[in-house]
Amino acid sequence: MAAPRAARLLRPALSAWRSLHVTAARNEAVVISGKKLAQQIRQEARQEVEQWVALGNKRPHLSVVLVGENPASHSYVLNKTKAAADVEHIDERRVCNAVAPDKDVDGFHVINVGRMCLDQCSMLPATPWGVWEIIKRTGIPTLGKNVVVAGRSKNVGMPIAMLLHTDGRHERPGGDATVTISHRYTPKEQLKKHTILADIVVSAAGIPNLITADMIKEGAAVIDVGINRVHDPITAKPKLVGDVAFEEVKKKASYITPVPGGVGPMTVAMLMKNTIIAAKKLVKPEEREVKAKQFAAATS
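For the sequence shown, the numbering used here gives the first residue as 1, with consecutive numbering after it.
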């Protein structure tokens with residue numbers, strides 16, 4: 001006997017309901033290409049520079065001086081530096097503070113660090129700013145989210161935490177996240193208690209395989225800032241790896257950055273942005289205004 005009409009109508013509806021509510025197998029994490037994001041930012045910087053030069057300003061320059069190509073010379077210089085540090089006790093903070101704050105493209109001067117901590121506009125350290133831009137440009141939500149930053153260095157870990165937890169309505173908007181910072185004395189089992197609850201895990205500890213799949217929750221975003229040189233047992237050559245066990249974590253995360261090719265290129269891109277900011281600060285406001293008017297008149 002044919003099934004009643006009501007039952008025949010119910011079966012397609014039930015099938016549709018199941019298709020909506022049965023959980024599909026989750027794909028692997030989106031691997032965030034720091035190279036592609038960095039290309040976007042460098043293009044933005046390039047356009048900004050061209051506009052700046054068109055106003056009659058000098059083209060910004062960032063110079064790095066390296067003397068000698070001989071690896072032995074590099075080793076010699078490094079050894080001299082170590083010896084000098086041992087004898088003369090080179091004060092890193094004193095060196096950073098000797099740079100004019102407006103030319104401090106690394107964002108390490110005490111004035112820039114202080115302004116950053118007060119949520120004011122300042123030169124931001126390139127790597128933390130790169131992490132912040134990765135999160136924003138990828139669309140990873142931070143408002144009210146739990147974040148763990150592994151690493152408390154004053155140049156990376158601490159600034160990342162500052163950018164992520166501060167008020168989004170301030171002069172220098174932050175991420176409004178709840179941030180936990182771990183460090184070298186945080187036992188790994190204690191770290192796991194925090195990371196397993198985190199929506200975003202940022203590892204900048206410099207410890208290979210610090211973050212493993214069992215330490216993160218399903219769908220977390222994982223940003224790997226670590227750069228570690230290890231021995232590759234397959235090729236018998238040194239290779240670069242991050243702090244995150246990439247292959248296993250990407251099967252559980254929603255987003256993940258690779259090493260190399262993740263935060264590294266973003267650091268360079270943000271350094272270029274800081275160089276432009278520094279160049280503009282060297283021109284007096286009244287001079288900028290005059291040149292802007294001249295440019296507007298010439299292009300109208």
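Using N, Cα and C, we set each Cβ at its ideal position, and we do this for glycine too.
Per DSSP, the bridge partner or partners of Y255: Position 255 of the sequence shown, counted from the start, is the residue given in the question as residue 255. Beta-bridge pairing links Y255 to V30 and A221.
T178 - partner residues in DSSP beta bridges: Within the sequence shown, the letter at position 178 stands for residue 178. Note: T178 sits in a beta bridge opposite N146.
Work out the CA separation of G261 and T138 for me, nearest whole Å. As a first step, residue 138 is located in the sequence shown; it is residue number 138 there, counting from the start. As a first step, residue 261 is located in the sequence shown; it is residue number 261 there, counting from the start. Distance between the alpha carbons of T138 and G261: 15 Å.
Using 8 Å as the threshold, is the segment 119-130 in touch with the segment 176-193, meaning 3 or more CB pairs across them? These segments do not touch.
V53 versus M272: straight-line alpha-carbon distance, rounded: In the sequence shown, counting from the first residue as 1, residue 53 sits at position 53. In the sequence shown, counting from the first residue as 1, residue 272 sits at position 272. Near 15 Å, if we compare the C-alpha coordinates of M272 and V53.
How big is the Cα-Cα spacing for I135 and M270? One-based indexing of the sequence shown puts residue 135 at position 135. One-based indexing of the sequence shown puts residue 270 at position 270. Cα to Cα, the separation comes out at about 14 Å.
Which two residues bound the contiguous alpha helix (DSSP H) that contains K188? Counting from 1 along the sequence shown, the entry for residue 188 is found at position 188. Element bounds for K188: K188 to T195.
If you check the beta carbons only, do G242 and V259 fall under 8 Å apart? In the sequence shown, counting from the first residue as 1, residue 242 sits at position 242. In the sequence shown, counting from the first residue as 1, residue 259 sits at position 259. Cβ atoms of G242 and V259: closer than 8 Å.
Among the candidates N146, P208, I256 and N112, whose CA atom is the shortest distance from the CA of I196? Mapped onto the sequence shown, residue 196 falls at position 196. For I196, the nearest C-alpha among the options comes from N146.
contact_flag[the segment 181-190, the segment 230-240] where n(CB pairs < 8 Å) is 3 or more: no
Helix, strand or coil for V49 per DSSP? Mapped onto the sequence shown, residue 49 falls at position 49. In the three-state DSSP reduction, V49 falls in the helix class (H, G or I).
CA-to-CA distance, G56 to I200, given in whole angstroms: Here residue 200 refers to the residue found at position 200 when the sequence shown is read from its first residue. Here residue 56 refers to the residue found at position 56 when the sequence shown is read from its first residue. Cα to Cα, the separation comes out at about 44 Å.
Note down, in chain order, each residue of its chain lying with its Cβ closer than 6 Å to the Cβ of A279, except the 5 sequence neighbours on either side. Your numbering for residue 279 matches position 279 in the sequence shown. Excluding residues within five positions, the ones whose Cβ falls inside 6 Å are P60.
Expected contact under 8 Å - CB spacing of G107 and M266 to nearest Å: Position 107 of the sequence shown, counted from the start, is the residue given in the question as residue 107. Position 266 of the sequence shown, counted from the start, is the residue given in the question as residue 266. So it is not a contact: roughly 14 Å between Cβ atoms.
Span separating the alpha-carbon of V49 from that of I277: The sequence position of residue 49 within the sequence shown is 49, counting from 1. The sequence position of residue 277 within the sequence shown is 277, counting from 1. One C-alpha to the other measures close to 10 Å.
Provide the residue span of the alpha helix (DSSP H) that contains L271, from first to last. In the sequence shown, the residue the question calls residue 271 occupies position 271. According to the DSSP assignment, L271 belongs to the alpha helix (DSSP H) that extends over V263 to K281.
Applying the criterion that 16 or more other CB atoms from any shown protein chain within 10 Å of the CB defines a buried residue, is M116 buried or exposed? Here residue 116 refers to the residue found at position 116 of the sequence shown. The residue in question, M116, is buried, as its Cβ has 16 or more Cβ neighbours within 10 Å.
Considering only DSSP beta bridges, list what H231 is partnered with. For the purposes of this step, residue 231 is identified with residue 231 of the sequence shown, where counting begins at 1. The partner list for H231 (beta bridge, DSSP) reads P238.
Applying the 10 Å Cβ sphere with the 16-neighbour rule, what's the burial state of L210? Your numbering for residue 210 matches position 210 in the sequence shown. It is buried - the Cβ of L210 has at least 16 other Cβ atoms within 10 Å.
State the beta-bridge partners of I200 as determined by DSSP. The residue you call residue 200 lines up with position 200 of the sequence shown. V147 and A221.
Buried versus exposed call for P128 [16 or more other C-beta atoms within 10 Å across all chains shown]: Within the sequence shown, the letter at position 128 stands for residue 128. With 16 or more other Cβ atoms within 10 Å, it is buried.
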